[in-house]
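Participant:
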Amino acid sequence: MEREFKTEELLGASFDCGCGRTHSTRFSRMIMEDGAVEKLPGLLKELGCSRPYVICDTNTYEACGAEVFRVLEKAGVAFDSVILKSPEDGDIPADELSLGRVCMAFPKDCDMVVSVGAGTINDLGRYLSYIAGRDFVLVLTSPSMDGAVSGVACLIQNQLKITFPAHAPLALVADLGMMSRSPMKMLSAGVGDILGKYNCLTDWRLSAMVNGEYFCPTIEGIMRSAIDKTMEAAGKLSQRREEDIKTLTEGLVLSGIAMDFAGNSRPASGAEHHISHYFEMQFLFDGIPAVLHGTKVGIGTVMMLRLYNELAKMERPDFAALKADAAAKAAAGPYEESPQFAAWKAEMERAYRGAAPMVTALERKAQKNAPARLLKRLESIEKHWDDIVCLAAQTPASGAIRGILEGLGAPVRPDQVGVCRQYVADGILYAKELRDRYTILQLLWDIGRLADMKELLLKEFAE
Ligand SMILES: [Zn+2]
Ligand SMILES: [Zn+2]
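Encoded structure:
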């Protein structure tokens, strides 16, 4: 039986782990109850804050920010604030413009950043608090994504989604009464973000096998507890009971702590996030309002798990032929001067448009598709093939995860959120170029099966 981790035991934790690293988190206080916002002034005082800077958007202001302002005023707490204007339909992008607005309104004498929100507003506040050297408190408005208490911020720079170091919140205030009134699509997005862990944890283990990448079983165990919490709550969320909202929120918080322990998003983000980021970038390029993060991750998860399900029954590749091909390409001359690099670069310019230079620069640095690197991985994949198939067989059936999301009324196919067939095809082939992070997509490319797996996914998810 796996150990179950509880949020309370991990608050402000710092310990030497069996994996050889020391894990710690700044996140040390959590007020999760009906009417929790009433306790914000007392909490801020306890944390030594004399003048908070409160960040909202028009949606989160309406849902909770107005209440935060009222409570602070009533308690006589002086504060400054900024309210970003939400688009009619969708979420504010966490990009240079939004961050600029938040920074420009930031008065230097504020000694604490308080975000009232869930996704973008949280990322912006977390990053500002980090660069401004202030502490950070989060008033969570809905359990819609898992990044709530993590120590990284996902921001868009030059139209590319990048993970930046940031401050995890010192404290989290989650008003369960308020959160239970969140739109259903936000609750199902939270579930989608966590169900994605089935995939990304497998990606992480896969990379540990193939590349010898660092892996921590304790962090994985915390993530598994987050999944268990979420599964416990998922079927009951439509009743909007505070106890189920609390269970889901605890799952999201556990996931954030695990990320904070890892110091990066590896335990929380794999191919399901990469393809979701790829879709989001196309929305940005086309000027279409963003779809909730967890909603896209849920769709990506159903698709990527389908690939693992296929991998579980895949025949052993012809490694001799694959290695001979890679060796011949490696011997033919410098990778970046090769015709295949030129062809790949042209594809990046088409599929990534304005963000192509950053993707190309990443590949020049990471060399993940270079024949010499591929050859080395093929040796490793060949050696571990049986274990890889076994790992794939342990992932849940894509259809089961799809059923859970559908039960919540969440979209499970890209076209349900307005992603066209071409973007789905390109996402399957090229989402892996967004990061130097090994996933199922890179493995399938390594063994020469990505193109035909793309056809399979297109048939099931984009026809
Ligand atoms: Zn560890
Ligand atoms: Zn996520």
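Once you know that position 119 of the sequence shown is 159 in the numbering used here, the rest is easy, because the numbers rise by one and skip nothing. Glycine is no exception: its CB is placed at the ideal position from the N, C-alpha and C atoms.
(1) Just to confirm, does Asp186 get its C-beta within under 6 Å of one of the non-hydrogen atoms of ligand 2?
(2) Glu320: which of Pro81, Ala134 and Ser54 sits nearest, CA to CA?
(3) Hey, how far is the Cα of Met41 from the Cα of Tyr348?
(4) Suppose you measure from the CA of Arg413 to the CA of Leu180; what does that come to, to the nearest Å?
(5) Our contact map puts Lys566 next to Gly291 with C-beta atoms below 8 Å; I'd like the distance itself, whole angstroms only.
(6) Contact defined as beta carbons within less than 8 Å: I believe Ile196 pairs with Leu324. What is the distance between those atoms, to the nearest angstrom?
(7) Between Thr65 and ligand 1, is the CB less than 6 Å from at least one heavy atom?
(8) Specify, as a first and last residue, the run of the beta strand (DSSP E) that Leu178 falls within.
(9) How many angstroms separate the CA atom of Ala406 from the CA atom of Val399?
(10) Hey, how far is the Cα of Ile339 from the Cα of Ala298?
(11) What's the C-alpha gap between Arg281 and Gln322?
(12) Is there contact between the segment 450-459 and the segment 245-252, where contact requires at least three CB pairs shorter than 8 Å?
(13) Taking a contact to mean a Cβ-Cβ separation below 7 Å, would you say Gly296 touches Ser184 in this structure?
(14) When the Cβ atoms of the segment 413-431 are set against those of the segment 489-497, are three or more pairs found closer than 8 Å?
(15) Taking all protein chains shown into account, decide if Asn198 is buried (16 or more other Cβ within 10 angstroms of its Cβ) or exposed.
(16) Taking only three categories from DSSP, how would you classify Phe359?
(17) Which ranges would you report for the alpha helix (DSSP H) in the segment 297-362 if only whole runs of at least 4 residues count?
(18) For Glu446, tell me which candidate among Ser222, Ser138, Ala274 and Ile123 has the shortest Cα-Cα distance.
(19) Can Val77 and Ile95 be called in contact, C-beta distance under 7 Å?
(20) Measuring CB to CB, does Ile480 end up less than 7 Å from Met354?
(21) Alpha carbons only, please: which of Val464, Phe176, Glu136 and Cys256 is nearest the one belonging to Ser316?
(22) From the DSSP output, read off the bridge partner residues of Arg69.
(23) Please return the same chain residues whose Cβ sits closer than 6 Å to the Cβ of Lys79, not counting the five positions on each side in sequence.
(24) Any contact between the segment 87-103 and the segment 52-61? By contact I mean 3 or more CB pairs, one from each, below 8 Å.
(25) Would the beta-carbon of Cys59 be found less than 6 Å away from any heavy atom of ligand 1?
(26) Just to confirm, does Asp233 get its C-beta within under 6 Å of one of the non-hydrogen atoms of ligand 2?
(27) Rounded to whole angstroms, how far is the Cβ of Ala188 from the Cβ of Val331, which I believe are closer than 8 Å?
(28) With a threshold of 6 Å (Cβ to nearest heavy atom), would Cys89 be considered close to ligand 1?
(29) Write down the C-beta distance between Glu312 and Cys240 rounded to the nearest angstrom, noting that I regard them as a contact closer than 8 Å.
(30) Would you report the Cα separation of Glu73 and Leu216, rounded to the nearest angstrom?
(31) Using a Cβ distance threshold of 8 Å, determine whether the segment 200-218 contacts the segment 164-180, with at least three qualifying pairs required.
(32) At which residues does the beta strand (DSSP E) containing Asp97 begin and terminate?
(33) Does the Cβ-Cβ distance between Arg404 and Asp486 come in under 7 Å?
(34) Taking Lys125 as the reference, which of Ser309, Arg141, Leu112 and Leu415 has the closest Cα?
(35) So what does Gln197 bridge to, in DSSP terms?
(36) Considering Asp486, what are the terminal residues of the alpha helix (DSSP H) in which it resides?
Facilitator: Let me spell this out:
(1) At least one heavy atom of ligand 2 is found less than 6 Å from the C-beta of Asp186.
(2) Residue Ala134 is the option with its Cα nearest to Glu320.
(3) Because Met41 carries a pLDDT of 49, less than 50, the predicted location of this residue cannot be relied on, and the following value inherits that uncertainty. For Met41 and Tyr348, the distance between alpha carbons rounds to 24 Å.
(4) Taking the straight line from one Cα to the other gives about 43 Å.
(5) This structure does not reach residue 566, given that the chain is present from 41 up to 503, and the question cannot be answered.
(6) Ile196 to Leu324, Cβ: 7 Å. Contact.
(7) Not a single heavy atom of ligand 1 lies less than 6 Å from the C-beta of Thr65.
(8) For Leu178, the enclosing beta strand (DSSP E) has its first and last residue at Asp175 to Leu180.
(9) Each residue's Cα considered, the two are about 10 Å apart.
(10) The alpha-carbon atoms of Ile339 and Ala298 are separated by roughly 23 Å.
(11) The C-alpha of Gln322 is placed about 36 Å away from the C-alpha of Arg281.
(12) Between the segment 450-459 and the segment 245-252, the count of Cβ pairs shorter than 8 Å is below three; the stretches do not touch.
(13) Taking a C-beta distance under 7 Å as the contact criterion, Gly296 and Ser184 do not qualify as a contact pair.
(14) Under the three-pair Cβ rule at 8 Å, the segment 413-431 does not count as touching the segment 489-497.
(15) When all chains shown are included, Asn198 counts as exposed.
(16) Note: Phe359 maps to helix in three-state DSSP.
(17) Complete alpha helix (DSSP H) runs here, min 4: 311-326 and 333-351.
(18) In terms of CA proximity to Glu446, Ala274 leads the group Ser222, Ser138, Ala274 and Ile123.
(19) No; because the gap between Cβ atoms is not below 7 Å, this pair is not in contact.
(20) Taking 7 Å as the Cβ cut-off, Ile480 and Met354 do not qualify as a contacting pair.
(21) Closest by alpha carbon: Val464.
(22) DSSP, once it has assigned bridges, lists Ala211 as partnering Arg69.
(23) For Lys79, where only same-chain residues beyond five positions count, the Cβ hits under 6 Å are Ile71.
(24) Output reads no: the segment 52-61 does not touch the segment 87-103.
(25) Distances from the CB of Cys59 to the heavy atoms of ligand 1 include at least one below 6 Å.
(26) True, at least one ligand heavy atom lies under 6 Å from that Cβ.
(27) Contact doesn't hold; Cβ gap of about 19 Å is too wide.
(28) Checking the Cβ of Cys89 against ligand 1 gives no.
(29) That belief holds up - the Cβ atoms of Glu312 and Cys240 are roughly 6 Å apart, short of 8 Å.
(30) For Glu73 and Leu216, the distance between alpha carbons rounds to 5 Å.
(31) As far as the Cβ criterion goes, the segment 200-218 touches the segment 164-180, which means the pair count is three or higher.
(32) Start and end: Pro92 to Asp97.
(33) No, Cβ-Cβ distance for Arg404 and Asp486 is not below 7 Å.
(34) When only C-alpha atoms are compared, the closest one is Arg141.
(35) Within the DSSP secondary-structure output, Gln197 pairs in a beta bridge with Leu200.
(36) Ile480 to Asp486 is the span of the alpha helix (DSSP H), which, as asked, contains Asp486.
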